[in-house]
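Chemist: What follows is a structure written as structure tokens; I'll ask about it next.
Numbering (my numbering), first residue to last: 58 to 297.
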């Protein structure tokens with residue numbers, strides 16, 4: 058079986074679109090990648106990317122969380138957000154006929170999230186529970202210690218979940234500022250695969266994102282990771 062050709066295009070507002078047409082099934086999968094995530098966090102805002110991903114689908118300027126969930130469920134689609142060290146992503150999967158409406162919903166979530174305070178507070182509490190649970194798992198503790206030993210003060214040395222102290226300090230205003238800084242068309246790559254021609258993919262993405270303007274402020278530059286330290290050993294004593 059020969060490899061499918063890859064189509065690479067760019068909207069006038071800077072969005073990069075990568076399309077691989079695959080007609081094997083009547084499905085389309087897409088991911089929206091932003092250059093954001095743990096690498097762009099500061100020590101006093103550690104965990105903001107993870108919190109943003111947790112609340113991104115909990116409301117927009119025009120829809121509540123139940124309305125978003127109902128629309129996704131009614132189409133039998135899937136849609137979710139996630140944050141990692143080097144990127145923030147929204148992923149979706151749907152049948153071909155429903156691609157336009159689910160893409161429009163994704164655009165609304167990415168462009169105009171509302172960050173309802175009750176949802177933010179709930180996700181903060183859930184993340185705190187996750188942090189406490191990880192602190193009781195030897196592998197998680199060892200992995201975090203390894204990151205800190207390797208990267209020191211660089212953001213790679215921080216946990217993507219943050220800490221109880223940083224989570225307590227994060228506000229809805231912080232989320233809005235972070236979103237405004239990194240969620241912009243010239244910082245977005247959209248990849249698609251499925252039963253869709255590259256021309257149609259570009260048309261649908263242009264309809265959903267084409268009027269998104271590039272802000273005047275330049276994109277922040279992520280710090281480069283330090284050179285790796287020489288081999289060493291660290292022993293951790295943990296009460297059981």
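Glycine residues also receive a C-beta, built at the ideal position from the N, C-alpha and C atoms.
Have a look at 116, 84, 112, 290 and flag the residue whose alpha-carbon is nearest the alpha-carbon of residue 182.
Modeler: Position 125 of the chain shown holds residue 182. Measuring from the Cα of residue 182, the nearest candidate turns out to be 112.
Chemist: Can you tell me the Cα-Cα spacing of residue 135 and residue 70, whole angstroms?
Modeler: Position 78 of the chain shown, counting from 1, holds the residue named residue 135. Position 13 of the chain shown, counting from 1, holds the residue named residue 70. The alpha-carbon atoms of residue 135 and residue 70 are separated by roughly 27 angstroms.
Chemist: Comparing alpha-carbon positions, which option in 142, 133, 277, 115 lies nearest residue 218?
Modeler: One-based indexing of the chain shown puts residue 218 at position 161. Cα-wise, what sits closest to residue 218 is 142.
Chemist: Nearest to residue 258 by alpha carbon, out of 137, 184, 155?
Modeler: Counted from its first residue, the chain shown places residue 258 at position 201. Comparing Cα positions, the closest option is 155.
Chemist: Is the CB-CB distance between residue 251 and residue 82 below 9 angstroms?
Modeler: Within the chain shown, numbered from 1, the residue matching residue 251 stands at position 194. Within the chain shown, numbered from 1, the residue matching residue 82 stands at position 25. Their beta carbons are under 9 angstroms apart, which means residue 251 touches residue 82 by this criterion.
Chemist: Taking the alpha-carbon of residue 299 as reference, which of 85, 110, 88 has the nearest alpha-carbon?
Modeler: Because the chain here runs from 58 to 297, residue 299 falls outside it and cannot be looked at.
Chemist: Look at the alpha carbon of residue 58 and the alpha carbon of residue 164, and state the distance between them as a whole number of angstroms.
Modeler: Here residue 58 corresponds to residue number 1 of the chain shown, with the count starting at 1. Here residue 164 corresponds to residue number 107 of the chain shown, with the count starting at 1. Legend: pLDDT at residue 58 = 49, less than 50; position of this residue unreliable, value from coordinates given subsequently. Going by the C-alpha atoms only, they are around 34 angstroms apart.
Chemist: In the DSSP assignment, the alpha helix (DSSP H) including residue 233 goes from what residue to what residue?
Modeler: The residue labelled residue 233 in the question sits at position 176 within the chain shown. That run of the alpha helix (DSSP H) goes 229-239.
Chemist: Kindly indicate the opening and closing residues of the beta strand (DSSP E) around residue 146.
Modeler: By 1-based counting over the chain shown, the position of residue 146 is 89. That run of the beta strand (DSSP E) goes 145-152.
Chemist: Within a Cβ cutoff of 6 angstroms, which residues of the same chain sit near residue 73, ignoring the five residues on either side of it in sequence?
Modeler: Residue numbering aside, residue 73 sits at position 16 when the chain shown is read from its first letter. Closer than 6 angstroms at Cβ, skipping near neighbours: 67, 246.
Chemist: Return helix, strand or coil for residue 274, following the three-state DSSP convention.
Modeler: Walking along the chain shown from the start, residue 274 turns up at place 217. Coil, per DSSP.
Chemist: Only counting the same chain, and skipping five residues up and downstream in sequence, which positions put a Cβ closer than 6 angstroms to that of residue 177?
Modeler: Residue numbering aside, residue 177 sits at position 120 when the chain shown is read from its first letter. Excluding positions up to five away in sequence, the list reads 112, 229.
Chemist: Helix, strand or coil for residue 172, going by three-state DSSP, please let me know.
Modeler: Taking the chain shown and counting its residues from 1, the one referred to as residue 172 is at position 115. Correct three-state label for residue 172: coil.
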